[in-house]
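The listed protein sequences correspond, in order, to chains A and B.
Here the first sequence stands for residues 1 to 306, where the numbers follow this note's numbering.
Here the second sequence stands for residues 1 to 345, where the numbers follow this note's numbering.
Here the structure comes first, spelled out in structure tokens, and everything after it is commentary.
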Amino acid sequence: MAFTISALIFFASRLSPIDPILAMIPPDMASDSANLEQLREELGLNDHIILQYLTWLKNIATGDFGYSLQSGQQISEILALRMPATLELVLTALILSTILALTLGLFAGAKKGGIADKLSRVLGVVGIAIPDFFIGLALLNVFAYRVSWLPSGNRVAPGQITFWDRFPNYILPVATLTIAMLAVLIRYTRNSVLDTLNRDFVKTARSKGVPEWRVLYSHVFRNSLGPVMVLLAFRLPLLVGGSILVETVFQWPGIGTTIIAAVTASDYPVIMVVSMLIAMVILFASFLVDIVKSILDPRVRLGGSN
Amino acid sequence: MSLSTEKDLILDLKNVNVKFKVEDDTLHILRDVSLSIPRGSFLCVVGESGCGKSVTAQAIMQLLPDNGEVSSGDIYFSQGDQVLKLNELEKFGKQMRDIRGGKIGMIFQDTLSSLNPAHKVGRQVAESLLQHFPVSKDEARTRVVELFRKLGIPDPERRYEAYPHEFSGGMRQRVMIAIATICEPDLVIADEPTTALDVTIQAQIMTLLKDLQKSAGKTFILITHNMALVSEVADHVAVMYLGRVVEYGAVDQVLRDPRHPYTKALMASVPNLDADKNVELQTVDGQTPSPAEVTVGCEFAGRCPYVAAACREKTIEMTRVNPGHDVRCIRLDANGKLPVLTGGA
Chain A
1 MAFTISALIF FASRLSPIDP ILAMIPPDMA SDSANLEQLR EELGLNDHII
51 LQYLTWLKNI ATGDFGYSLQ SGQQISEILA LRMPATLELV LTALILSTIL
101 ALTLGLFAGA KKGGIADKLS RVLGVVGIAI PDFFIGLALL NVFAYRVSWL
151 PSGNRVAPGQ ITFWDRFPNY ILPVATLTIA MLAVLIRYTR NSVLDTLNRD
201 FVKTARSKGV PEWRVLYSHV FRNSLGPVMV LLAFRLPLLV GGSILVETVF
251 QWPGIGTTII AAVTASDYPV IMVVSMLIAM VILFASFLVD IVKSILDPRV
301 RLGGSN
Chain B
1 MSLSTEKDLI LDLKNVNVKF KVEDDTLHIL RDVSLSIPRG SFLCVVGESG
51 CGKSVTAQAI MQLLPDNGEV SSGDIYFSQG DQVLKLNELE KFGKQMRDIR
101 GGKIGMIFQD TLSSLNPAHK VGRQVAESLL QHFPVSKDEA RTRVVELFRK
151 LGIPDPERRY EAYPHEFSGG MRQRVMIAIA TICEPDLVIA DEPTTALDVT
201 IQAQIMTLLK DLQKSAGKTF ILITHNMALV SEVADHVAVM YLGRVVEYGA
251 VDQVLRDPRH PYTKALMASV PNLDADKNVE LQTVDGQTPS PAEVTVGCEF
301 AGRCPYVAAA CREKTIEMTR VNPGHDVRCI RLDANGKLPV LTGGA
């Protein structure tokens, strides 16, 4: 699977009509075709395409991601620089939105039409209907521009100042991403809880005289988590891909903004490496889904006891 | 209240009506259901699908779906020297929860969906015990294993740790019985416990239930549509049709001498090994009307061979034909017999 994806990424990038050499060097030097030819030879661009692919694959596998055409920096260096920003943002939003969505979704499902249900409905509609960059802009407008309570993102690198000094810069981007992620997850959780509440074993649990909160917690919640976990797992690629729109709105120096820059500059090596990374995380996520599902539901456990 | 005047009744339903809201309609699912259940008896509630058997059980347990409610009538449950009105207790309040599982146990039909797939069966049985008795987890476990053994679950220590999907249907039903009886409730309601099982397992489970009733002096309500089961285990039978009890009495009275036309038709449709193979098995003609249709008079009138104009005029009351044998039919004569049909039905 990983090989198929790597091949797709590699050959798709080679389909592009843009000559990577021309994109790499300043236009005024491009007239010297002898130099260009020499450069091509050095970079292995004249080798057979299969050979090029295999070389690329070997390099990736050994941790040599190559160089950015744009800046000449090592891609691994760029990643090391940008990855923490994305991880901080996405991981916090992912954790916050999950905790909030599961709690709200559980209460919303348990008491249809109650306060939690209404709140989740509003959040759901807002989060699904309004694109995340717009939520970000709206928050920026209100909190950073009109009342100026909070800075407009702009991550400050760690080490220079204390965590609490940096903290306000996180609030808006994290809030934006959290709201965007919350919406679908809340609806998912709520509907899943409603489904589970109608299952027969809930009636059995009630027939034992178990209090409602225990019925919810011990019987309903766990059996509702399956579909929710799948959704969650497929958000993990955001951890390496970053959220392009939210990062752009808040000028967050993460992978998302890196992708934007790379795409506009036809910086193929960077695009290829990031795509490859995202693909790997997606593969890993689907693997994770299987594991989590088997923990939640003993029926899908492999080689179960007889 | 009224319980003390009669013999020792454990459960007394008085004119219970249950209504369900379905979209804009209100369906009248139970109509004036009255059932008096003496302590230690074995009552079978029979009737075809949709007649309100299961709803009766759910009404007693206060486990009706959210769109259903007891709209009128009372359900009295005697607990020690107290008589409680179950329908007036808060649905998920402490008092009702203490009764559920503690005083009234319930066995469900579909064992695979009625057990939590994510929990070990032992834990699911122990949960009931831990809820109602101040026992430690270890103690609960010992008692569950003991009960498993008593109920004929082989290798109970190991099976305690198994999940529902690792059990056969019959074994799962034993687990359900364990859940319903681990707290030694006075009353056990079994809602079609054997419908999903094959015949030999059915017999085993029924024997098990009957033994429980005899040895522990418990009261049983068995909901079934299997008439053959009734004669084996029941001492009282209530026949329901479209939300009403149409005939109630001791098992001998109702099965050997059915008076209501519906019961008669039901009995005639039970296959019998000794029967003449050339005679076609009788069926009850027509279809059960939908509960959404508002009918005046006898609900069975549309399918009844004995029907007369008076049947459709007003609600039919229960008539006592023999001590303890009540029938809801106005076509019975002074001796409580139906008229002889002329010209063949």
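For each residue, glycine too, the CB sits at the ideal point set by N, CA and C.
The structure displayed is predicted, hence computed values, not measured ones.
Can you tell me the Cα-Cα spacing of residue i and residue j, whole angstroms?
i, j, result
"A:L231", "A:L96", "15 Å"
"B:G286", "B:V340", "21 Å"
"B:V135", "B:L129", "8 Å"
"B:V245", "A:G226", "44 Å"
"A:P298", "A:S68", "47 Å"
"A:D290", "B:A162", "21 Å"
"A:P151", "A:T196", "43 Å"
"A:V215", "B:E23", "27 Å"
"A:L172", "A:G136", "7 Å"
"A:L54", "A:S286", "26 Å"
"A:A101", "A:L288", "20 Å"
"B:T111", "B:L332", "42 Å"
"B:D191", "A:D132", "51 Å"
"B:V16", "B:R303", "25 Å"
"B:G217", "B:G40", "5 Å"
"A:P168", "A:A180", "19 Å"
"A:V263", "A:F11", "16 Å"
"A:M276", "A:Y217", "40 Å"
"A:E37", "A:G44", "11 Å"
Could you work out which residues of chain B lie near residue i, taking near to mean beta carbons separated by less than 9 Å?
i, result
"A:P253", "Ordered by position in chain B, no residue passes the 9 Å Cβ test against A:P253, which lies about 43 Å from the chain."
"A:N223", "N116, P117, A118"
Mind checking who residue i pairs with in its DSSP beta bridge?
i, result
"B:H28", "B:K19"
"B:A203", "Partner(s): none; B:A203 has no beta bridge."
"B:D74", "B:K14"
"B:G105", "B:V188"
"B:Q79", "B:Q82"
"A:R40", "DSSP, once it has assigned bridges, lists no residue as partnering A:R40."
"B:A405", "Outside the modelled stretch of chain B, which goes from 1 to 345, sits residue 405 of chain B, for which no answer is possible."
"B:N322", "B:H325"
Kindly indicate which three-state DSSP category residue i falls into: helix, strand or coil?
i, result
"B:D252", "helix"
"B:I316", "coil"
"A:H219", "helix"
"B:F220", "strand"
"B:A345", "Residue placement at B:A345 is flagged as unreliable, the pLDDT there being 43, under the threshold of 50; a coordinate-derived value is accordingly withheld."
"B:P154", "coil"
"B:S4", "The predicted model places B:S4 with a pLDDT of 42, which falls under 50 and marks its position as unreliable; any figure quoted below should be read in that light. Three-state result, B:S4: helix."
"A:Q74", "strand"
"B:E247", "strand"
"A:N191", "helix"
"A:V122", "helix"
"B:Y262", "helix"
"B:I37", "strand"
"B:E146", "helix"
"A:L102", "helix"
"B:L9", "strand"
"B:G93", "coil"
Identify, in the order they occur along the chain, each residue of the same chain with its Cβ nearer than 7 Å to the Cβ of residue i, setting aside the five sequence neighbours on each side.
i, result
"B:Q131", "G101"
"B:T181", "G105, V188, L212"
"B:A310", "I330"
"A:I255", "R82, M83, T86, V240, G241, G242, V274"
"A:G124", "A183, I186, R187"
"B:I223", "V45, K53, S54, A57, A190, D191, E192"
Grab me the residues of residue i's own chain with a C-beta within less than 8 Å of its C-beta, minus the 5 sequence neighbours each way, in chain order.
i, result
"B:M96", "Q62, L86, L89, E90"
"B:P291", "L27, H28, I29, G50, L242, G243"
"B:V254", "V237, V239, E247, Y248, T263, H325"
"B:P323", "none"
Note down, in chain order, every chain A residue with its Cβ under 9 Å from the Cβ of residue i.
i, result
"B:R100", "R206, S207, K208, G209, V210"
"B:Q79", "Near B:Q79 there are no residues of chain A at all, since even the closest Cβ is about 13 Å away, more than 9 Å."
"B:Q131", "K208, G209, V210, P211, R214"
Show which residues of chain B have a CB atom less than 8 Å away from the CB atom of residue i.
i, result
"A:R299", "P117, Y163, H165"
"A:K203", "L63, F108, S114"
Quick one: residues in its chain with C-beta nearer than 6 Å to the C-beta of residue i, no 5 flanking neighbours on either side, listed in chain order?
i, result
"B:K19", "T26, H28, S71"
"B:L36", "Note on identity: in this sequence residue 36 of chain B is Ser, with Leu being the wrong assignment. Counting only Cβ-Cβ distances below 6 Å, and skipping sequence neighbours, we find L9, D12."
"B:R320", "D326"
Under 7 Å between beta-carbons, which chain A residues line up against residue i? List them in chain order, please.
i, result
"B:D333", "Correct list: empty, because the minimum Cβ distance to chain A is about 45 Å."
"B:R97", "G209, P211"
"B:S128", "K208"
Which bits of chain A does residue i rub up against, with CB to CB less than 8 Å?
i, result
"B:E90", "Within 8 Å Cβ-Cβ: nothing; B:E90 doesn't reach chain A, min ~11 Å."
Quick one: list the residues of chain B neighbouring residue i, beta-carbon separation under 7 Å, in chain order.
i, result
"A:H219", "N116"
Strictly under 8 Å for the Cβ-Cβ distance: is residue i near chain C by that measure?
i, result
"B:I179", "The question asks about chain C, but that chain is absent: this structure's protein chains are A and B."
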